[in-house]
Amino acid sequence: MASPPDLYIERFNLALGQYMGALQSIVPLFIYMNKFYIETKLNRDLKDDLIKLFTEHVAEKHIYSLMPLLLEAQSTPFQVTPSTMANIVKGLYTLRPEWVQMAPTLFSKFIPNILPPALESELSEYAAQDQKLQRELIQNGFMRGDQSRKRAGDELAYNSSSACAGSRGYR
Numbered sequence: 142m143a144s145p146p147d148l149y150i151e152r153f154n155l156a157l158g159q160y161m162g163a164l165q166s167i168v169p170l171f172i173y174m175n176k177f178y179i180e181t182k183l184n185r186d187l188k189d190d191l192i193k194l195f196t197e198h199v200a201e202k203h204i205y206s207l208m209p210l211l212l213e214a215q216s217t218p219f220q221v222t223p224s225t226m227a228n229i230v231k232g233l234y235t236l237r238p239e240w241v242q243m244a245p246t247l248f249s250k251f252i253p254n255i256l257p258p259a260l261e262s263e264l265s266e267y268a269a270q271d272q273k274l275q276r277e278l279i280q281n282g283f284m285r286g287d288q289s290r291k292r293a294g295d296e297l298a299y300n301s302s303s304a305c306a307g308s309r310g311y312r
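In terms of our numbering, the numbers along the sequence shown are unbroken and rise by one, the last being 312.
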C-alpha cells in the first residue's frame, strides 16, 4: 500500500501522463485551427499554449510540494518506481527547464548533460565518491558476488556439456 507521499507522487505522475497523452490527440485534431489561426494570427503554437496552461495551473501549484518528496524518494531505492521518477523528472523538464536548478543532481540522473562535464583535476574525488558508494552498498547487503571467475556460470556450462556427453550410452 502506498504511503501519502508516494501516493502524491503517483497521482502527479498520472495527471502529467494523462495530460501529455491528451496533447498527442488534441493538437492533431485542431491542426487546421493551429495552422491558420493560432500560428498566423497570434504567432503562437497550440501545443506550447496547452503546455503553458498545464504548467501554470497544475505544475506550478505542486512543484514546491513535489520536489522535496522526489528528493526523499530518490534517497530510498525503489520507494517510487524508477519509471515514475523518470516520467516526472522528464515531464518537469519539458514544462519548465529552469526547474533543474531546484535539484540538479536529481535531474541529471534522468536527463543527460544537465551537470557540467567532469574535470580531469577532480578524478580522484570522483573515485573516492564511487568507493564510498560501494562501501555503503556492501553495508546495506548488496554483495559484489564471486569475483574469482571472469564469468559466472562458466563452470555450470562445462559440467552440463560433459554430463550430456557421458549420458549417451543410456537409453
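Glycine included, each C-beta is placed from N, C-alpha and C at the ideal position.
Closest by C-alpha distance to Leu247, out of Leu155, Ser216, His203, is Ser216.
The alpha carbon of Leu157 has as its nearest neighbour, out of Thr235, Gly282, Met174, the alpha carbon of Thr235. In the DSSP assignment, Val230 falls within the alpha helix (DSSP H) that extends over 223-236. Between Phe283 and Ile229, the C-beta spacing is not below 9 Å. In terms of CA proximity to Gly232, Tyr160 leads the group Leu148, Tyr149, Tyr160, Leu278.
With a 10 Å radius around the Cβ and a threshold of 16 neighbouring Cβ atoms, Ala269 comes out exposed.
Assignment of Gln272 by DSSP, reduced to helix, strand and coil, places it in the helix class. Looking only at Ile255, Met174, His198, Asp190, the smallest Cα-Cα distance to Pro238 is reached by Ile255. A straight-line Cα-Cα distance of about 10 Å links Val199 and Lys193. The DSSP-derived three-state label of Thr196 is helix. Rounded to whole angstroms, the gap between the alpha carbons of Pro146 and Leu210 is 6 Å. When C-alpha distances from Leu191 are compared across Ala163, Ala244, Ala214, the shortest belongs to Ala163. In the three-state DSSP reduction, Lys250 falls in the coil class, being neither helix nor strand. Exposure of Asn184 is indicated by the presence of fewer than 16 other C-beta atoms within 10 angstroms of its C-beta. By the criterion of a C-beta distance shorter than 8 Å, Pro245 is surrounded in its chain by Ile255, Leu256, once the five residues flanking it on both sides are discounted.
Gln272 and Ser262 have their C-alpha atoms spaced approximately 18 Å apart. Closest in alpha carbon position to Val168, among Lys182, Thr196, Asp186, is Asp186.
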